[in-house]
Structure formats: C-alpha cells, structure tokens
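Peer 1:
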Amino acid sequence: MPGMTQDWRDAWTLALDALEMDVAATEAMLADQHRLAEVPPSDPWRPPTEIGALPLELRPRADEILTRQLRAAEEIARRLVASRQQLAMNARIETGEAVKRPVYLDCAM
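In this text, residue positions in the sequence shown follow the UniProt record's numbering: the first is 1, and each later residue adds one.
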C-alpha cells in the first residue's frame, strides 16, 4: 500500500502544480497589462476525477492556491469595473461628430 499512497500523493501534487501554474499566469498577466493581448487564454482547469480525494497533507497548498485564485478574480472584476467606468467617461466626451455646432462665432456681421 505505501507505493499506492505515494502514487496518489504524486498525482495530486501534479494536479495542484497545473492549477498553481494557471493562477500564476493570471497573476502575471494582471501585473503586466501590456502582455494581456499577447498571451492566449489558458485551458480551464478541471479537478481530476480518477485520482480520488485530495491528500490531507496537500490541503494547505490547495487552500493557498484557492486564496490566490479568489484574489486574482477580485482584481479582474475590479479592473473590469474600472474599464467600464473609463468607457462611460469616454462616451460622454463630446467629439463634435454627432452634433454639428459652430466652432467660432463671427461677430463682424
């Protein structure tokens, strides 16, 4: 049974490694706004179904990854709100295209 326990632990360690790399990539994109357009979206992570329950000793690491994911999701939501506010502000700026008004008034007449 010891070999089976190690295989189980190793499988979960690999699953958490993949999940941690996804959240690290998201955090890196949030830190570097210029790369956002250059980085393709990652494949969504799915919990492994064939390896059983998470080993208890890996729970702190899984909890820490979850905390980081939640922080990244909150930051994404905050930036989306800021972008929408900026778009709304830009929409209110009058460009002169929609309404034709005189640019100057000729007082000589």
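C-beta: ideal position from N, C-alpha, C; glycine also.
If you're wondering where the values come from, they're calculated on a predicted model, not measured in any experiment.
Would T26 pass as a contact of A62 if the rule is Cβ separation under 8 Å?
Peer 2: Contact: no.
Peer 1: Mapping DSSP to helix, strand and coil, what is A53?
Peer 2: A53: coil per DSSP, three-state reduction.
Peer 1: Considering only the alpha carbon of each residue, which of I76, P60, M21, W8 lies closest to P44?
Peer 2: Comparing Cα-Cα distances from P44 to each of I76, P60, M21, W8, the minimum goes to M21.
Peer 1: Taking C-alpha atoms, which residue in L66, L30, Q69, A53 lies nearest to L80?
Peer 2: When each option's Cα is compared against that of L80, the closest is L30.
Peer 1: Near R7, what residues of its chain come up, given a Cβ to Cβ distance below 6 Å and the 5 sequence neighbours on each side ignored?
Peer 2: Before going on, a small fix: residue 7 reads as Asp here, not Arg. Correct list: empty, nothing qualifies.
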